[in-house]
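Colleague:
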Amino acid sequence: MMTKLAYLKESPSQTAGPYVHIGCTPNVIGNDGIYPQDLGAAMITGPAKGEQITFAGRIFDGTGTVLRDAMVEIWQADAQGIYNSPAETRGAADPNFTGFGRQAVDMESGAFTFETLKPGRVPFPDGRLQAPHINIWIVARGINLGLNTRAYFSDEETANADDPVLARIEHKHRIQTLIAQKERNTYTLDIYLQGERETVFFDI
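Numbered as in the UniProt record's numbering, the sequence shown ends at 204 without a single skipped number.
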């Protein structure tokens, strides 16, 4: 006998967290034994070519409160500007660099930290070279659709000035929300979801 649909009640909707951690970063929350390490935990897997850097930051909501339950994914080219992707046609990527990182932010400080390579320049669809950058995707409780943004590098001023994506940002003062600041070998970019310092996000 079939149950009438009216008998079944709609369950409450759920946003990304905490389920995102259970499925994507189980080792972080102590759910060990599923994978030796979470996917995206290590980007450099051997003697990779190029400059090794740390990419770090925090994510803030509209009240200026740091998020402690977010997950961050990054995707980037290697030091030669080649992506580790089946769609890459310009050459072989560095075999010791995955180009992909995934991390749950620290549940106390809200910080994320990736050990990676400084990426090379990649072409825009029309052939112009983009400035070195890291693509960023963010999910957290209350964010139903992941947010896409980028991190550029403060010591690449000439390349940034010629970047075709940055050139399309109408309010030029907001470009600074995408510039990671360098201190030694660490580049830091804090991301703001709303407010006066709101980061530029991309609709892709």
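Note that CB positions come from ideal geometry on N, CA and C, so glycine has one too.
(1) Applying the 10 Å Cβ sphere with the 16-neighbour rule, what's the burial state of A77?
(2) Considering Cα atoms alone, identify which of E51, L39, G46, G91 is closest to P132.
(3) In terms of alpha-carbon separation, which member of P123, G64, G57, T186 lies closest to T89?
(4) From the DSSP output, read off the bridge partner residues of L39.
(5) What residue range is occupied by the uninterrupted alpha helix (DSSP H) comprising T158?
(6) What is the rounded straight-line gap between the Cα of A87 and the Cα of P125?
(7) Could you check which residue in W75, I44, Y35, A41 has the C-alpha nearest to that of R150?
(8) Using 8 Å for Cβ pairs, my map puts F55 next to Y187. What's the rounded Cβ distance?
(9) Count Cβ pairs between the segment 109–117 and the segment 159–167 that sit closer than 8 Å; are there 3 or more?
(10) List the endpoints of the continuous beta strand (DSSP E) containing T89.
Modeller: This is what the structure gives:
(1) Per the 10 Å Cβ criterion, buried.
(2) Each of E51, L39, G46, G91 was checked against the Cα of P132, and the nearest Cα belongs to E51.
(3) It is P123 whose Cα lies nearest to the Cα of T89.
(4) Its beta-bridge partners do not exist; DSSP assigns none.
(5) 157–162
(6) 14 Å
(7) W75
(8) 5 Å
(9) no
(10) It is not in any beta strand (DSSP E) - T89 carries neither H nor E in the DSSP assignment.
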